[in-house]
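Enquirer: A single structure is presented below for examination.
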DNA sequence: TCGCGTGATGTTTACGCAAACATGACGCAC
DNA sequence: GTGCGTCATGTTTGCGTAAACATCACGCGA
């Protein structure tokens, strides 16, 4: 900076004023300085800037994996919106979801140059007694039900699951089977909970759950088990990838979809419309989740206020070809088309 | 820090020594200081640290999207390996791949607190005349053929494509059709190039390409066109998602896979094994790509040397159920099992 | 003509930390 | 007992920037 000042024949303070865009600099001086900057390839040192200003203009994102569509989409949206506000994103992946690992990541985050943190993580890991966020650092949590202690942003998974199960019941299915995600997952728990609630409300017996781990392979195995049950005509699968596996299992078992069995997924990943048959599923708006995260975090940063509570982003049922009225039941009036061969 | 020093009854320098883990501190003093840190909730200020040390211990990653499996996996691996070396990852997504946007991102990166940059991006965008990386900042490029100017890490896509096409020829197919990725993509171009080269070598005529955009939908449309060609018995699709669409198109057109048509994909995304039928495809080792990126970048950072050149990570053909000898041709000796009905 | 306001620019200082160097206590060899 | 090396710790300094304050030139009204 001193070099630039010398070359431009001004003081370093004027250089600073130009580089931060402050007013009160003569247009001619300004051009002179910009010129000198170009010539010397000057780029402001962000460490010094951060030290002086006391802020980093950076948001930390801590998560387990980018491998799920939801996480990577959310992160992408977070990064895009943060960039728009002049914030950068620092990514802290935690490889294995053990408590120690999470703690480690937070320690690092604590030392990291961030003004706020977005946690994309199941809440029970935050519950671990001595896992404390660096005090004074604004936090927003995704995929958690810690709404009483932190600001939480999430898609309305319960409502999505409700829509899915109701859709199947309205088609005339007597009851709906369910393939869950992994036990530790709160998303999975919430979807299962809503599934059970709708069946209860409708006075239908809830069959036992099949348990998966979000992967297509686990869906396939669950699907094989369900394919053996003659009275299983409708399955709500907790995500699209497992639904892919279920579709294959049903196909191999000779049960047609949707003629014999209807299947609904969750997520609406880009491929879901190309499954065989195209999958009826529940769309999650991850872009909106990311946007709300950034918005909530920046509010905390700028206003120095924290307001715990949960923001729910709506979900939408996307009807495609994998659901139809059951073959043996007269479809109720105004039902979906049955494309039985 | 001064407060901690006062509370512990030592100088601030001793606090610094403890917090950086430097030797030469009496165990008793050390404990005293750690105690004081705990009590006061002291966390070192990374901006000041970076300013003093002249390094940020941060790597910038610039990319277009996290939505592709390859990119998110690569980023995840980069983050994991970087963390192991004590580096954080700063993510700079560029929403739209126009030249201006890219420039903008680099400007931001230039001002950003990074010691090096990993570019996950097609090379022709780097070629743009006045797109210059901040001088003096180490760079590694992925998904590009700029090996003459930058260190490049990539999977051996040409070899993967070769394996795929040879596999189909060895099964006895007369020739192999091809569904490409988008025109601007160098990955796509390299795969198409290798496809053509193998056919040339084998003295087979290369049929006209179908063009897709990586999405399952585009694969479906291409598949419908190919399904109409009676002599099309083998298709090499440039990625798994498009292959999913091709499978659906063939299915709808009544052409069985693999009995009537063999299909090979590229990527080996986690779902590929659950397609109907499970997809023969080419596996890319993105984790290894990420590892090599970090390794190469840290070498540059630490040794202050740049060695342009391309590191190729091997690809592997994963044979599954979507390929078989053509029905009308006597399979050559030692071929794969044909499960024709 | 003088004083004072205004706007452009310069000077000083501190942000928090960690190298570099300084100090001081102790022990051991001669 | 003197000298010197070793180890633990303290003191000084400066990293690059920007806020706060200081200065200076100029113009305009009384």
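Chains as they are written, first to last, in this note's numbering: chain A, 443 to 783; chain B, 443 to 783.
For glycine and all other residues, C-beta sits at the position ideal for the given N, C-alpha and C.
Remember, predicted model here, so these are calculated numbers, not experimental data.
In angstroms, rounded to a whole number, what distance separates the CA positions of residue 453(A) and residue 485(B)?
Expert: Those two C-alpha atoms are separated by around 35 Å.
Enquirer: Using DSSP with H/G/I as helix, E/B as strand and the rest coil, what is residue 495(B)?
Expert: In the structure shown, residue 495(B) sits in a helix (DSSP, three-state: H, G or I).
Enquirer: Would you tell me roughly how many angstroms separate the C-alpha atoms of residue 564(A) and residue 585(A), rounded to the nearest one?
Expert: One C-alpha to the other measures close to 6 Å.
Enquirer: With distances taken from CA atoms, which of 598(B), 506(B), 502(B) is nearest residue 725(B)?
Expert: Of the candidates 598(B), 506(B), 502(B), the one whose C-alpha sits nearest the C-alpha of residue 725(B) is 598(B).
Enquirer: Give a yes or no on whether the minimum CB-CB distance between residue 572(A) and chain B is below 9 Å.
Expert: Low confidence applies to residue 572(A): its pLDDT is 44, below 50, so where it sits in the model is not reliable, and the reading given next is rough at best. No, its Cβ sits nowhere closer than 9 Å to a Cβ of chain B.
Enquirer: Given residue 571(A), which residues of its chain have a CB within under 7 Å of its CB, disregarding the five upstream and five downstream residues?
Expert: Only weak support is given to the placement of residue 571(A): the predicted model assigns it a pLDDT of 34, under 50, and the value that follows is read from those uncertain coordinates. Taken in chain order, the list of residues that qualify is empty.
Enquirer: Would residue 615(A) pass as an interface residue toward chain B - the criterion being a Cβ-Cβ separation below 9 Å?
Expert: Residue 615(A) does not count as touching chain B.
Enquirer: Taking the alpha helix (DSSP H) that residue 429(B) belongs to, which residues open and close that run?
Expert: Residue numbering for chain B in the displayed model covers 443 to 783; residue 429(B) lies beyond these limits and cannot be assessed.
Enquirer: Hey, is residue 717(B)'s beta-carbon within less than 9 Å of any beta-carbon in chain A?
Expert: For residue 717(B), the answer is yes, since a Cβ of chain A falls inside 9 Å of its Cβ.
Enquirer: Against chain A, does residue 723(B) count as a neighbour if the rule is that its beta carbon must be under 9 Å from one of theirs?
Expert: No, because no Cβ of chain A sits closer than 9 Å to the Cβ of residue 723(B).
Enquirer: Below 8 Å between beta carbons is the criterion; list the residues of the region 515-532 of chain B that meet it against any residue of chain A, in chain order.
Expert: So the list reads 515, 517, 518, 521, 522, 525, 530, 531, 532, given in the order they occur along the chain.
Enquirer: Rounding to the nearest angstrom, what Cα-Cα distance links residue 483(A) and residue 756(B) in this structure?
Expert: Computed Cα separation, rounded: 40 Å.
Enquirer: Name the chain A residues that come within less than 7 Å of residue 693(B), Cβ to Cβ?
Expert: Near residue 693(B) (Cβ distances below 7 Å), the residues of chain A are 718.
Enquirer: Would residue 454(A) pass as an interface residue toward chain B - the criterion being a Cβ-Cβ separation below 9 Å?
Expert: With 9 Å as the cut-off, residue 454(A) does not count as an interface residue toward chain B.
Enquirer: Are residue 498(B) and residue 556(B) closer than 9 Å when you measure CB to CB?
Expert: Yes, the Cβ-Cβ distance between residue 498(B) and residue 556(B) is below 9 Å.
Enquirer: Assess, as a yes-or-no matter, whether the region 524-532 of chain B is touched by the region 687-704 of chain B under the definition of 3 or more beta carbon pairs within less than 8 Å.
Expert: The answer is no - the region 524-532 of chain B does not touch the region 687-704 of chain B, with fewer than three Cβ pairs under 8 Å.
Enquirer: Taking 9 Å as the CB-CB cut-off, is residue 481(B) touching chain A?
Expert: So no, residue 481(B) is outside the interface.
Enquirer: Given that a residue counts as buried once 16 or more other Cβ atoms are within 10 Å of its Cβ, and exposed if not, what is residue 751(A)?
Expert: Result: exposed.
Enquirer: From this set, 645(A), 696(A), 470(A), 475(A), which residue's C-alpha is nearest residue 670(A)'s C-alpha?
Expert: Closest option to residue 670(A), Cα to Cα, is 696(A).
Enquirer: What residue does the alpha helix (DSSP H) around residue 448(A) start on, and which one ends it?
Expert: Its alpha helix (DSSP H) spans residues 444-450.
Enquirer: Comparing the C-beta of residue 487(A) with each C-beta of chain B, is any distance below 9 Å?
Expert: Yes, because at least one Cβ of chain B sits closer than 9 Å to the Cβ of residue 487(A).
Enquirer: Which residues of the region 659-674 of chain A have a Cβ closer than 8 Å to any Cβ of chain B? Give them in chain order.
Expert: Listed by position, the residues of the region 659-674 of chain A near chain B (Cβ gap below 8 Å) are 659, 661, 662.
Enquirer: Could you spell out where the beta strand (DSSP E) holding residue 533(A) opens and where it closes?
Expert: Segment 530-535, the beta strand (DSSP E) holding residue 533(A).
Enquirer: Please go through the same chain and pick out, in chain order, the residues whose beta-carbon is closer than 6 Å to the beta-carbon of residue 653(A), but skip the five residues on each side of it.
Expert: Result list for residue 653(A): 622, in chain order.
Enquirer: Please confirm whether residue 618(A) and residue 678(A) have their CB atoms less than 9 Å apart.
Expert: Their beta carbons are under 9 Å apart, which means residue 618(A) touches residue 678(A) by this criterion.
Enquirer: Check each candidate in 603(B), 611(B), 655(B), 665(B) and name the one with the smallest Cα separation from residue 637(B).
Expert: Closest option to residue 637(B), Cα to Cα, is 603(B).
Enquirer: So is residue 481(B) buried or exposed if we call it buried at 16+ other beta carbons inside 10 Å?
Expert: So residue 481(B) ends up on the exposed side.
Enquirer: Would you kindly work out how many angstroms separate the C-alpha atoms of residue 519(A) and residue 727(A), rounded to a whole number?
Expert: C-alpha separation (whole angstroms): 10 Å.
Enquirer: So residue 502(B) and residue 559(B) are in contact, right, with Cβ under 8 Å, and what is the actual spacing, rounded?
Expert: Going by Cβ atoms, the distance from residue 502(B) to residue 559(B) rounds to 5 Å, so yes, they are a contact pair.
Enquirer: Could one say the Cβ of residue 760(A) lies closer than 9 Å to chain B's Cβ atoms, at least one of them?
Expert: Not one chain B Cβ lies under 9 Å of residue 760(A).
Enquirer: Any beta carbon of chain B sitting closer than 9 Å to that of residue 493(A)?
Expert: Chain B contact via Cβ: present.
Enquirer: For residue 509(B), go through chain A and note every residue whose CB falls closer than 9 Å to its CB, in chain order.
Expert: Simply 511, 514, 515, 518, 712.
Enquirer: Based on the DSSP output, what are the partners of residue 673(B) in its beta bridges?
Expert: The partner list for residue 673(B) (beta bridge, DSSP) is empty, contrary to what the question assumes.
Enquirer: Inspect the beta-carbon positions of residue 489(A) and residue 524(B) and report whether they are closer than 9 Å.
Expert: Cβ atoms of residue 489(A) and residue 524(B): not closer than 9 Å.
Enquirer: Under a three-way DSSP split, which group does residue 682(B) fall into?
Expert: Residue 682(B) falls in the helix class under three-state DSSP.
Enquirer: Using a C-beta to C-beta distance shorter than 9 Å, which residues of chain B count as neighbours of residue 534(A)?
Expert: 521, 525, 530, 531, listed in chain order.
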